[in-house]
Structures are given as C-alpha cells and as structure tokens.
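Here is the structure we will look at, set down as structure tokens.
Chains as they are written, first to last, in my numbering: chain U, 26 to 345; chain P, 325 to 830.
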C-alpha cells in the first residue's frame, strides 16, 4: 500500500510539473505572437484612446511577467480568474461547455467499446477468413478518414439528403435530456468511427495472440466452448492492454471532439478554446489548457490504476 | 437661429433615399395591413461574437448591430441610411453649427420602467462625450427646463448630427450599464451566454406602439459562414446576414428570401504609403492601372459589388464625384510605363498581408496578385489571424499591402476623416496637406453645397495620389426564411429586428 501512495505522489508531482510547463508555454506563446485583447474586442473602428482605456481596465498594461506570476499564484490557489474578453469566471465558462464535450466523449467511448470488442472477437476466431478480411478492410478505411472530413460527409448525408438532422441544433441536457443525446449522437459517431478502427485493430491483434496461447489450447482440450473460451480467457487476458489502448483512445476522443464540435457548430470546449486564442484571452486559454492537461493526466492515471487492479503482476510490482 | 428640417440636414445619407427606395418599400410594405401578426420568435445567425454591451464603450460593428435593438439615441438611422428623430422629436441647429438644441420625446420609458427625462439625456451625453471620440468636441450640455437640451460644441461642427445616435441610458447607470443593459429600444436584453448567443424579448412599453412584432429574438453565434448556412437550411436559424453570393446561391428560394443591398463599405488593396516602393505615387498608380476590378468582382463576389475608383463608394450620393469613375480602368501599357518611370522596369516583389478569417479578402488578394503578375509585380500572400492583423497591420502599420473592408457610419465624413495624416485609422499612412486641410474645415463649413464641393475636391486629391487600389463596395446579402417578413436590410452594419414579423400565423 505504501508503494501505491508513493506512486500517487509521484503522479501528482508529474501532473503539477506538466501543468506548470503547459501554462508557461501558453504564456510564452502569447508573449511572442502579435495581438492585443483590447484591440480585438474593440475592432478597427476604435480609436487609440479607447483601446488604451480598455487595456487599462483589463489590466493589460501591467508588465507581462507580473501578469503571469499573478495568474500563476491565483491558479495555484484554485482561482483561474476571469476571462478578459467575456468577463465571466474562467471556471464557469469551462463548466458551461462540459456537457457538450464530455457528453460527446462519453457517447463516443461507449460506441467504440460496444463495436470494436465484438468485431475483434469475431475476427480473431478465424484470422484470414473472409469475415476477418472484410471487417479489417472496413476498419482500415475508417481509420484513414479524419473526423472532420467524416463530419462533413455525415452532415451532408443526414441533413441535405435525408433531412433528419440539423447541424448546430443543440439542446441543453437540463432542457430536454433526450434531445440533448440526439443532438450529440451524430458528432459522437464521427469521433468514434476512426477510433473504432484503431481499437479494433489493436484488440484483434492481441486476441489473436492470446487465442494461440497454451491456456487456450488447454481449455479447448477440456472441451470448453469457443464462446466460453473467448469470454472467460481471451478477453480477460487482453483486458490489461485494452485498458491502455482505451485510455489512449479516450484522450484522442477528447481531442477529436474539440474539432468535430467546430464542424457541427456545437457550443463545446473546442469553440471556447478557439475563441480564447483568437481573442488573445490568456486567462481563459490557460484555464482550458490546464483543464485538458489535467483530464489527460487523470485518464492515464486511472488507466494505470485499473490495469493494476486487473493484472496481479503490475499490482505486485513484478512487471514494469 | 433657424429651425432645420431634420430630413434636410446634410448627413450625406439623405441623398440616398432614392437609391434605396426599393428597400424602404420592403420595410414598410404591409405594416398598414389589417392582418399583421404580433408574436412569434426569430433566430438570427451571427459569426462575430459580441463582447461589449456598454453602448458608450462599444465600437465594433458586430456589437453595434445587435445593441441597435436595445439602446436608442436622440436620432436613429433607418434602412435608407436616413437619420430620423428618435428620442428627440426635433433639433434646432444654430446658424454657426455650434449649438444643437433637442426637444426630448415624451412618454418614453426605459426597460426598467423609469421615464425618460432631460436628466437622462444630459447624463448620457456627458458620459458619451468622455468615452466616445466623436462626441469629445462637446463643450457643455444644458437642460433648458422646457423639455429641451442644448449641446454646445467647442468647435462648430455641421457634421455632428450622426454622432447623436449615441445611446441614452438611465441617469447614473454608467457603472452598471454593461451588465444591466437598460435602454429604450424595441427589445429588452434578456440573456447572454458567451459563445452561444443573446436573447432579446419584446419591449411591451415601446414608445412606438406599433413596434416591435416579435416576442423574442435570438442572436445565435455560428462558428463560421458554412456552419451558419447549414443551420439556416436546417431551420435552426431564420435570418443570416453577410452571406457571400456563392453561399446564397445554394439556398432554396422557395424557402428563403435573398435580400441584397449596396453598402457603404470600401474594400481595397491598401498600400502602405510610407514604405518603398509604395511611397512613390507612380508605383501606386501603376498598381491601380494593372487591376481589372470587374474581373476581381466577378471572381470574388459573383458580380454583386460596385467597382470603386477611390476611397468613397458611389452609393454615398452627392459627396461622391462620379466624374472620377473609370480613372483607373485597366491599362497594362500605362502601368508598365509608370513602373519604368519609377525605376521598376523589371517589377518588384511585394507581400499582401490578409486576415485569414475573411475569405472574400483572401480571394481578392489572390485575384489581384494574379493580375499584378502581368506587370512583373510578384505579390505573395501572407495570411494572418485577425488579432495579428489588428496588431501588426492596423495598429503598428508594419506591412506593405493588405486587403480589407472598411466600414463606417453612413456619413461621408466618417468615411474620409480617417485619411487625415494624424488619424489613428489612417492605416495606409496617407499624407496630403491639402486633404488634411479639407478634413479639418469640413465640420466648420455650414453651407451644404460648399461641403459637397469640398468632398469632391478631397476625393480628387486622393484619386490623383492613388492612395491605394480601391476595388469594390460589396453588397450586403441576407437570407431570410419566408416564414418571416418585414426584414429591412440596411446599407451598414445594423440588424433591425423591430420590423420583422411572422408572415402568417403558423
């Protein structure tokens, strides 16, 4: 148990260091690239005096380094400040966008798991069969399509050909949960499909490997049914590597949702991230980047914990 | 003192009434019908997200066009570009144009229920004069006690009236107005969700009892024009302004009305007059002769633009000098001659810096670069994001050439005053003492005809100096779902929702 605490502490330090570096690089990028929040907010029609007045009001006249350390000090205490351009607290803005981004990620994840496992199980039973070959080819094609391209094709098909979907029509979960799920279904699918292919490819290889293992031969010789072997032996054995691949897929899914929500015009974190960049809104951008970094680190951490719980070798520290 | 018929006050805009009478008809057509429908709602797609709701701080066109529905000034533009009395019923301008006396409209209430009085007007103009540069020449504001307010200017200004469109807000509300958003307009501010949209609701106590028609208007933020177009086709939004012609052509005309109107916008290949080789008037002229404006317009706007010769659009009426038209019709030989005279017989390399978020400007830059190759000028295109453009090109003027569209109030003075050599908005570093003098004297000149000839003289100088390569005045194109009617398209950045109503009950 002592080693678990130590591992958690190390992970925490790693996380803090990552967050610090990420915030520093964000800040450094903002210090280098041209652009002024006050001017972006007021537009070219504003006079120099008006821009100057807003700069003063927003505190943009303080030296850069001072602003960064102020921000860092507050962030360390959990206060991410107010967005410069929106005026609202950064935390509130991020929270208001989570239903879209998290909802899409979750639906996409469920879809990936629900489709790729059965596909991999079917293919690994008879590698090289017609079934395996056709599913694998389909997987390769899906793998090659970037989510944004898939999004456009699906929007065209469902809204212009079938007329059953309106891009950008979003209902908040508090208004109507069913409509909320429906509005996220298609975009989630766009994120999920390429990831299905990736997960499937990985699972298929690992299941084939395990199905050739000694324990499977033994089980077969004991007269166990194929289904039972798959459920009781092959899937549990490939579970550890599945957890790792799923944690990778999940961070990809979150990244994908940032892009896909842009194409579907959904008010998620990705849109907020882009407007933070285009407005040079440092507190907002840092807040979002910090949040994304935290989610990524947390996911990997969870994956490690789950792997350890499943695999006695990792749990006892017998394997790396 | 003489009483001025407000419709005749020179804003330059009034002369346009004729040109836009068609639009005026759409706006007014049907309002007298017995069966006009009150109620219902509409969603307007916007691609520029508003950020500021304090009417005396706001300057960005994308913000102004929305709060137009919430706040009102003493005067207000209509869809013909004419200034009409609004919270004032009347104005008397002293003969030397240094005193403006407004009679304040009675029976107007703010959205919080309080009644508009002269105190609110004095307070608002005072605040606006401290925050808005165009009102900074206000010297004093006097409440005359008979429901009139007199504004005295530190220097006479016959071009001042358009500036009295500045919002009137409740007395003392300046510190909170950005959050409370209380005005007198036809719509009441309901809610704002950053990145998502703005909801306005009907002002039940609007001083014009006939308006507005709709109960609710939502301005919904769309990621870009294409995302908005899909939403429009799917029915998630009803009104979508600032479309390009190719996008508008994709829409089903059984479902949508496509409205189009000439604007007061000026798109140009702006040349930094302070940077070689563009500090040489011969080079600037050569570039002007090398460009075929009609081809650029065909390529970028499907022909839905007015070609420009100089810094003002012909739609601005009498202030524009039509004899300038065609000065720089394409003439490659002349362009080559001028380049040779300037010592660039082998051409030169140049960079056009364009904001990447404006597709029309990027396309214009590409079309022009292609045409310039005919005179040996090798133009490369550098795309930058909007914030970078504002900083590097607009503020620091660290660029050679750029393509952008300038917007302004619908007043000729607002269009040209930026070319004064010391003006913040003079992004091309244009400098001509004769032009400076005219810009300085225009507001001091009372006689309307004299002002018109001064504008023409000024445009003559700017054309002769080939200040930049002025290209086109793109039309505003707006799609409106046919379930709605009464939308009035404006020649400037305004989305007036007060006249919009349902075409039929369900």
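Cβ atoms here follow ideal geometry from the backbone N, Cα and C, with glycine treated the same way. This one's a predicted model, so the numbers in the text were calculated from it and none came from an experiment.
Alpha carbon to alpha carbon, how far is residue 211 of chain U from residue 544 of chain P? Answer to the nearest angstrom: the Cα atoms are 21 Å apart.
Say whether chain U places a C-beta atom closer than 7 Å to the C-beta of residue 806 of chain P. no
Starting from residue 102 of chain U, follow the alpha helix (DSSP H) in both directions and report where the run begins and ends. That residue, residue 102 of chain U, is in no alpha helix (DSSP H); it is neither H nor E in DSSP.
Beta carbon proximity, residue 714 of chain P to chain U, threshold 7 Å: yes
Closer than 6 Å by C-beta to residue 497 of chain P: which residues in its own chain qualify, once you throw out the five before and the five after it? Chain order, please. none
Neighbour flag for residue 635 of chain P against chain U, beta carbons, 7 Å: Using a CB distance cut-off of 7 Å, residue 635 of chain P does not count as an interface residue toward chain U.
Per DSSP, the bridge partner or partners of residue 467 of chain P: P/473
Applying the criterion that 16 or more other CB atoms from any shown protein chain within 10 Å of the CB defines a buried residue, is residue 546 of chain P buried or exposed? Residue 546 of chain P should be labelled buried.
If I measure Cβ to Cβ from residue 45 of chain U and keep anything under 7 Å in the same chain, skipping five residues before and after, which residues do I get? none
Going along the chain, which residues of its own chain have a beta-carbon closer than 6 Å to the beta-carbon of residue 342 of chain P, five neighbours each way excluded? Low per-residue confidence applies at residue 342 of chain P: pLDDT is 34, beneath 50, and the placement is therefore not dependable, though the value from the model is reported in the following sentence. None.
Whether or not the segment 562-569 of chain P and the segment 790-808 of chain P are in contact is what I'm after, with contact meaning three or more pairs of Cβ atoms, one per stretch, closer than 8 Å; do they touch? yes
Is the beta carbon of residue 580 of chain P sitting closer than 7 Å to the one on residue 803 of chain P? yes
Is there contact between the segment 810-828 of chain P and the segment 357-373 of chain P, where contact requires at least three CB pairs shorter than 8 Å? yes
Answer yes or no: does any C-beta atom of chain U fall closer than 7 Å to that of residue 718 of chain P? yes
When you compare the CB positions of residue 668 of chain P and residue 509 of chain P, do they come within less than 7 Å of one another, or not? Not a contact, by the Cβ cut-off of 7 Å.
Helix, strand or coil at residue 521 of chain P [DSSP, three-state]: strand
Residue 383 of chain P at chain U interface by Cβ criterion, 7 Å: Chain U, which has a Cβ nearer than 7 Å to the Cβ of residue 383 of chain P, makes this yes.
Could you check the C-alpha separation between residue 227 of chain U and residue 141 of chain U for me, to the nearest Å? 9 Å
What are the complete beta strand (DSSP E) segments, minimum 3 residues, inside the segment 523-583 of chain P? 540-545
Taking the C-alpha atoms as reference points, what is the distance between residue 458 of chain P and residue 741 of chain P? In this structure, the straight-line span from the alpha carbon of residue 458 of chain P to that of residue 741 of chain P is close to 11 Å.
Runs of alpha helix (DSSP H) wholly within the segment 770-813 of chain P (minimum 4 residues, chain order): 772-788
Can you tell me whether DSSP reads residue 613 of chain P as helix, strand or coil? helix
Compare the C-beta of residue 711 of chain P against all C-beta atoms of chain U and say whether one is closer than 7 Å. At a cut-off of 7 Å between C-beta atoms, residue 711 of chain P counts as an interface residue with respect to chain U.
Within the 7 Å Cβ cut-off, does residue 292 of chain U reach chain P? yes
Determine, for residue 729 of chain P, whether the minimum Cβ-Cβ distance to residues of chain U falls below 7 Å. no
Please look up how many angstroms separate the CB atoms of residue 464 of chain P and residue 479 of chain P, rounded, as I've assumed it's under 8 Å. Not confirmed; about 13 Å, so no contact.
Is residue 328 of chain P helix, strand or coil when you go by DSSP? Per-residue confidence for residue 328 of chain P stands at a pLDDT of 43, beneath the threshold of 50, marking its modelled position as unreliable; no derived number is given.
Let me check one thing: in DSSP terms, what residues is residue 727 of chain P bridge-paired to? P/593
Which same chain residues end up closer than 7 Å to residue 631 of chain P when comparing Cβ atoms and leaving out the 5 residues on each side of it in sequence? 617, 618, 621 and 796
Could you tell me the distance, in whole angstroms, from the CA atom of residue 288 of chain U to the CA atom of residue 175 of chain U? 10 Å
Using the rule of at least 16 other Cβ atoms within 10 Å of the residue's Cβ for burial, across every protein chain shown, is residue 380 of chain U buried or exposed? The structure shown has nothing for residue 380 of chain U, since chain U only spans 26 to 345.
Please list, in chain order, the residues of the segment 49-60 of chain U that have any C-beta partner in chain P closer than 9 Å. 58, 59 and 60
Contact check, residue 506 of chain P vs residue 436 of chain P, beta carbons under 7 Å: yes
Report yes or no: do the segment 319-326 of chain U and the segment 30-40 of chain U share at least 3 C-beta pairs separated by less than 8 Å? At 8 Å Cβ cutoff, the stretches touch.
Near residue 755 of chain P, what residues of its chain come up, given a Cβ to Cβ distance below 6 Å and the 5 sequence neighbours on each side ignored? 745
Using C-beta distances below 6 Å, list every residue in its chain close to residue 822 of chain P, excluding the 5 sequence neighbours before and after it, in chain order. 510, 535 and 536
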